[in-house]
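So the structure is just underneath, and the comments pick up after that.
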Amino acid sequence: MTLFAELGMRYPIIQAPMAGVQNSTLAMAATRAGALGSLPAAMLSGAELRQELSRLAASGPGPFNINFFCHRQHEPQPAAEQRWRQVLSPYYTEFGVDAAAPSRAPARAPFDDEHAALLAEFRPAVVSFHFGLPEPELLARVKATGAKVLASATTVAEARWLADHGADAIIAQGLEAGGHRGHFLSEDLCLQQGTFTLLPQVVAAVDLPVIAAGGIVDGKGIRAALALGASAVQMGTAFLCCHEATTSALHRSAIRNEGSHHTALTNLFSGRPARGIVNRLMQELGPFSTLVPEFPHASGALAPLRAAAEKAGDSGFSPLWAGQNTSGCLELPAVALITAWVKDAGLE
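Using this note's numbering, the first residue of the sequence shown is number 363, and each one after it goes up by one.
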């Protein structure tokens with residue numbers, strides 16, 4: 363029996379965890395449709411995560427994937443924060459924002475003791491990690507719950523590292539993927555490859571199930587990934603406009619716009635490289651800047667500016683995360699999307 367059949371999935375499809383554009387509603391819809399629904403937990407407080415896990419538990423047996431970041435959290439640097447606010451000051455003036463306004467940006471917390479305790483209580487079927495794996499003691503606590511552990515690799519070297527350090531399956535994240543890059547061994551983006559070049563190399567390098575992620579938005583893409591040795595696919599961008607996603611109206615409008623074909627990696631919104639639709643901030647300051655505070659502190663100074671711009675109907679200062687292929691973004695229920703992909707991929 364394959365890992366994914368063992369989990370009770372009808373189809374080898376994972377709904378990617380997407381912080382800021384979904385909650386447990388999308389995860390439940392994906393799982394009900396036969397895929398593996400995922401909940402992004404890195405931006406949730408302990409109370410919020412408990413509420414979402416309770417909703418998932420009440421919805422039925424799952425399976426569900428709970429996703430965490432496991433980056434090293436750096437202390438805020440006041441000098442770097444002040445320098446970044448100075449860069450943004452012309453925009454503050456334009457939108458009438460107080461440059462000294464305190465940050466209300468949601469935190470991005472690495473996996474910790476509180477998270478491990480909640481997992482022990484709720485015992486989800488799958489736990490996944492971005493930016494490597496947590497410390498061995500914390501990882502052992504996750505595995506003690508019986509959860510299968512997935513983790514993202516952007517290079518063959520990262521895939522081998524994850525296989526050697528306790529992952530049960532590897533997510534091969536191609537350069538096309540939307541949102542944050544999962545790299546953790548090297549910050550050199552030149553080492554990273556597209557999904558369909560990275561995937562077969564990872565399959566050959568590790569003796570674990572490999573999940574293809576990046577640029578897959580329909581049944582044809584699923585079929586191609588499986589033909590190259592993937593045990594499953596992870597799809598995020600294709601869910602951005604579905605009914606159960608919480609993607610904002612401005613973000614949805616940007617996806618429908620012809621400009622959605624123009625995406626780029628940028629560090630402006632969080633301090634780490636992530637792929638999104640090119641907007642005003644990226645055009646005028648970047649997409650990369652050495653003046654951005656370290657992850658995750660860049661978003662603090664941007665928060666009041668983003669709020670003011672969005673209130674005026676302007677998404678030029680918002681992180682419009684999306685992969686390179688937005689052609690599969692349809693305003694449909696998640697079950698309709700998954701059903702169509704399964705049929706086109708010949709998985710019925």
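Glycine included, every Cβ here is placed at the ideal spot set by N, Cα and C.
Residue j and residue i - do their beta-carbons sit closer together than 8 Å?
i	j	result
Gly369	Val488	As written in the sequence, residue 369 is Leu, which differs from the Gly given in the question. Their beta carbons are under 8 Å apart, which means Leu369 touches Val488 by this criterion.
Gln596	Ile573	yes
Ser677	Asn641	yes
Gly458	Trp683	no
Val568	Ala525	yes
Gly633	Ser465	no
Gly508	Arg522	no
Asn429	Pro452	no
Ala420	Ala696	no
Gly556	Ser514	no
Ile649	Leu551	Inspection of the sequence shows that residue 649 is occupied by Pro rather than by Ile. No.
Ala389	Phe426	yes
Ala529	Leu547	no
Gly675	Thr599	no
Ala539	Leu561	no
Gln563	Val518	yes
Just reading off the alpha helix (DSSP H) that residue i is part of, what are its end residues?
i	result
Arg618	Ala611 to Arg618
Gln444	Pro440 to Phe457
Phe484	Asp475 to Phe484
Gln377	Looking at the DSSP string, Gln377 is not in any alpha helix (DSSP H); the run it does join, the beta strand (DSSP E), is Ile375 to Gln377.
Ala395	Per DSSP, Ala395 belongs to no alpha helix (DSSP H) and is neither H nor E.
Asp460	Unbroken run through Asp460: none, as it is neither H nor E.
Ala707	Ala696 to Ala707
Ala469	Per DSSP, Ala469 belongs to no alpha helix (DSSP H) and is neither H nor E.
Ala367	Leu365 to Glu368
Mapping DSSP to helix, strand and coil, what is residue i?
i	result
Met390	helix
Ile578	coil
Ala594	strand
Gly541	strand
Ser407	coil
Could you give the first and the last residue of the continuous beta strand (DSSP E) run that contains residue i?
i	result
Leu401	Gly399 to Pro402
Phe431	Phe426 to Phe431
Considering only the alpha carbon of each residue, which of the options lies closest to residue i?
i	options	result
Phe601	Ser400, Ala669 and Ala469	Ser400
Ser689	Glu672, Thr625, Asn629 and Met371	Thr625
Ala395	Gly424, Leu411, Arg434 and Arg503	Gly424
Thr559	Ala506, Gly583 and Leu590	Leu590
Ala476	Ala665, Leu500, Glu620 and Leu612	First, the residue type needs correcting, since residue 476 is Glu and not Ala in the sequence shown. Measuring from the Cα of Glu476, the nearest candidate turns out to be Leu500.
Val654	Gln384, Met405, Gln444 and Ser416	Gln444
Kindly examine the ligand NAD and report whether one of its heavy atoms sits closer than 7 Å to the Cβ of residue i.
i	result
Trp683	The model depicted lacks the ligand NAD and carries no ligand whatsoever.
message: Quick check on the DSSP output: what are the complete beta strand (DSSP E) runs of length 3 or more inside the stretch 602-684, in order along the chain?
response: Whole beta strand (DSSP E) segments, 3+ residues: 625-628 and 636-639.
query: What are the uninterrupted segments assigned as alpha helix (DSSP H) that are 4 or more residues long and contained completely in the stretch 484-571, given in chain order?
result: 498-506, 518-526 and 557-567
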